[in-house]
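**Q** Quick note: the sequence shown uses the UniProt record's numbering, first residue 1, plus one each step.
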Amino acid sequence: MIKNSQVSVRTMTDQNLTDFIRCPYKFYYAHIEKKKHPLGWRQAIQHIINKVVSSYFQLPQSHRTPANVLMLIDQYWGRLELRMFDSQLQYYMAAATVTDSLMRNLSSESEIAQPLFLYERFRMNLKELNADLSLTFDVAEWQQDSFIVKKFLVDADEQMLELYCHLTVVFSEKVFGIRPARIEVVTLMDGDRHVFNPNKDSLEAGLIYLQMMKALLEDTRQFSDLYNMNECPACPFQGVCDRDEKNERKQKYLS
Ligand code: SF4
């Protein structure tokens, strides 16, 4: 069980917030205790997606073809190791699905002449949170007097999509003084494109959301009510995780 009931989070990043949403204990081990851990399959595929998307947008526009998407996937996919996956079937299914999604989604993006940002990380101090905020903009495209932000993820649930939109709006408004015209998140394992259109209330909603997230991150007493056992089988911290098993006991009692 985690001994400190309160921890201090000085920097909120897209990565530590995503880990927290997947499992608060995972966030604690990776970002508070900074335990070393092997790369999971999801993280490894995400690195490859980032490489492929980044390389694709650096190609001259006339070279952004499905054949070159395939060539880039081929170039980076070899970095994956079969042992990261639960089975060979999972490995081959992931390869086929991500390849198909990247080819479809990137081919439709060949109109972007020169991205405004390409995997650029920004950091700012947010006084409302008394913390720093750090976020990577995958691909941003300037359009008239605003910009469109695009993100390419292995997968994401509703909570992660909500997190990403709030972070993008708060960051864009506070750092650049511009509200993004549109935010698009492509989830490559299911091939869906999620589109959000921020409005005048989005900044305030984003700040309230981030304040709530900071309070949750710092209060470890709530972790046992928030973690999701479905994440455990593929978790790199299984061997060291000393989670409070209150939920498991409760579930056993109810079953
Ligand atoms: S083993 Fe389960 S509860 Fe523990 S950190 Fe991993 S996902 Fe969270």
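Where is the CB? At the ideal position from N, CA and C, for every residue including glycine. Keep in mind it's a predicted model, so treat the numbers as computed, not measured.
(1) May I have the straight-line CA-CA distance separating residue 252 from residue 229, to the nearest angstrom?
(2) Residue 57 lies in the alpha helix (DSSP H); which residues open and close that run?
(3) Whose C-alpha, out of 96, 211 and 178, is nearest the C-alpha of residue 154?
(4) If I'm right that residue 23 touches residue 209 with Cβ under 8 Å, what's the distance once you round it to whole angstroms?
(5) When the Cβ atoms of the segment 172 to 184 are set against those of the segment 138 to 152, are three or more pairs found closer than 8 Å?
(6) Pick from 114, 243 and 72: whose alpha carbon is nearest that of residue 98?
(7) Taking all protein chains shown into account, do 16 or more other C-beta atoms lie within 10 angstroms of the C-beta of residue 255, making it buried, or fewer, making it exposed?
(8) Examine the Cβ distances between the segment 53 to 62 and the segment 165 to 172 and report whether three or more of them are shorter than 8 Å.
(9) Work out the CA separation of residue 207 and residue 238 for me, nearest whole Å.
(10) When burial is assigned at 16 or more other CB atoms within 10 Å of the CB, is residue 30 buried or exposed?
(11) Classify residue 215 as helix, strand or coil using the three-state DSSP reduction.
(12) So for residue 105, helix, strand or coil by DSSP?
(13) Using a Cβ-Cβ cutoff of less than 6 Å, which residues in the same chain neighbour residue 126 once the five nearest sequence positions on both sides are dropped?
(14) Less than 7 Å separating the beta-carbons of residue 41 and residue 93?
(15) Mapping the DSSP letters down to three states, classify residue 117 as helix, strand or coil.
**A** Taking the definition as stated:
(1) Position 252 of the sequence shown holds residue 252. Position 229 of the sequence shown holds residue 229. Low confidence applies here, because residue 252 scores a pLDDT of 49, under 50, leaving its location unreliable; read the following figure in that light. So the two alpha carbons sit approximately 13 Å from each other.
(2) Locating residue 57 in the sequence shown gives position 57, counting from the first residue. If you look at residue 57, you'll find it in the alpha helix (DSSP H) that goes 41 to 58.
(3) By one-based count along the sequence shown, residue 154 stands at place 154. When only C-alpha atoms are compared, the closest one is 96.
(4) Counting from one through the sequence shown, the residue named residue 23 turns up at place 23. Counting from one through the sequence shown, the residue named residue 209 turns up at place 209. In fact, because the Cβ distance is near 19 Å, the residues do not count as touching under 8 Å.
(5) Because the criterion of three Cβ pairs below 8 Å is met, the segment 172 to 184 and the segment 138 to 152 touch.
(6) Here the question's residue 98 lines up with position 98 in the sequence shown. The candidate whose alpha carbon is nearest that of residue 98 is 72.
(7) Along the sequence shown, read from residue 1 onward, the residue named residue 255 stands at position 255. Its pLDDT being 45, under 50, residue 255 is placed unreliably in this model, and the value from its coordinates should be taken loosely. Answer is exposed; the Cβ neighbour count stays below 16.
(8) Taking one beta carbon from each stretch, the segment 53 to 62 and the segment 165 to 172 have fewer than 3 pairs nearer than 8 Å; the two do not touch.
(9) Sequence index remark: in the sequence shown, residue 238 carries index 238 (1-based). Sequence index remark: in the sequence shown, residue 207 carries index 207 (1-based). Looking at the backbone, the Cα of residue 238 and that of residue 207 are separated by about 33 Å.
(10) Here residue 30 refers to the residue found at position 30 of the sequence shown. Residue 30 sits buried, since 16 or more C-beta atoms from the chains shown fall within 10 Å of its C-beta.
(11) Position 215 of the sequence shown, counting from 1, holds the residue named residue 215. Helix, per DSSP.
(12) The residue you call residue 105 lines up with position 105 of the sequence shown. Three-state DSSP puts residue 105 in a helix.
(13) Along the sequence shown, one-based indexing puts residue 126 at 126. Result list for residue 126: 133, in chain order.
(14) Here residue 41 refers to the residue found at position 41 when the sequence shown is read from its first residue. Here residue 93 refers to the residue found at position 93 when the sequence shown is read from its first residue. Contact annotation: residue 41 and residue 93 have beta-carbon atoms that are not nearer than 7 Å.
(15) Working through the sequence shown from its first residue, we reach residue 117 at position 117. DSSP places residue 117 within a strand segment (E or B) once states are collapsed to three.
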